[in-house]
Each structure stands twice: as structure tokens, then as C-alpha cells.
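Read through the structure below, which is laid out as C-alpha cells, and then see the notes.
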């Protein structure tokens with residue numbers, strides 16, 4: 000798979016929680032870091048996402064904010 004997004008984070012799926020229409024997929028990036036993606040239930044099914052799968056979290060954002 001080729002993609003132009005530069006912010007790509009490989010990891011392992013540790014949790015998939017489906018809601019009424021949206022699922023939350025948690026990916027362990029290692030080093031105690033977890034990222035959560037909110038995607039449609041249909042996307043979870045189409046991609047066949049299950050706990051234990053290796054996956055790539057791809058972040059595409061026009062703005063990044065920093066707060067302290």
C-alpha cells in the first residue's frame with residue numbers, strides 16, 4: 000500500500016469497540032503509547048479488523064495544535 004500521508008504509526012490492535020454506527024479502534028504503538036481511531040463499523044468489517052492484528056494508524060490533519 001502506498002499513501003502520501005507522512006504521519007504513519009505501525010502497531011497492534013488491542014481493542015475494537017463497536018457502537019451504534021461508529022467503532023473505536025485502539026492501537027498499541029509500543030512504549031506505552033496507545034492511539035484511538037473512531038471509524039465506521041462498516042470500515043471495521045471491510046478491513047477485517049480484529050484484536051491482535053498488525054495495523055497502521057495514518058494521521059492526516061491540516062492543523063496541529065500544541066497546548067501547555
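Numbering (our numbering), first residue to last: 0 to 67.
Here a beta-carbon is modelled for each residue, glycine too, at the ideal position from N, C-alpha and C.
Please read all numbers here as calculations on a predicted model, not as lab measurements.
inquiry  = Between the alpha carbons of residue 17 and residue 47, how many angstroms are there, rounded?
reply    = Mapped onto the chain shown, residue 17 falls at position 18. Mapped onto the chain shown, residue 47 falls at position 48. If I take the Cα positions, the gap works out to 13 Å.
query = Between the Cα of residue 41 and the Cα atoms of 55, 7 and 15, which residue gives the shortest distance?
reply = Taking the chain shown and counting its residues from 1, the one referred to as residue 41 is at position 42. Residue 15 is the option with its Cα nearest to residue 41.
Local Cβ density within 10 Å of residue 37, reported as buried at 16 or more and exposed below that = Taking the chain shown and counting its residues from 1, one reaches residue 37 at position 38. Under this definition residue 37 is an exposed residue.
ask   = Taking the runs of the alpha helix (DSSP H) that are 4 residues or longer, which of them lie wholly in the region 40–65?
value = 40–46
query = Which one of 31, 30, 32 and 12 has the shortest CA to CA distance from residue 24?
reply = Position 25 of the chain shown, counted from the start, is the residue given in the question as residue 24. Ranking 31, 30, 32 and 12 by Cα distance to residue 24 puts 12 first.
Endpoints, beta strand (DSSP E) assigned at residue 22 = In the chain shown, the residue the question calls residue 22 occupies position 23. Per DSSP, residue 22 belongs to the beta strand (DSSP E) from 21–29.
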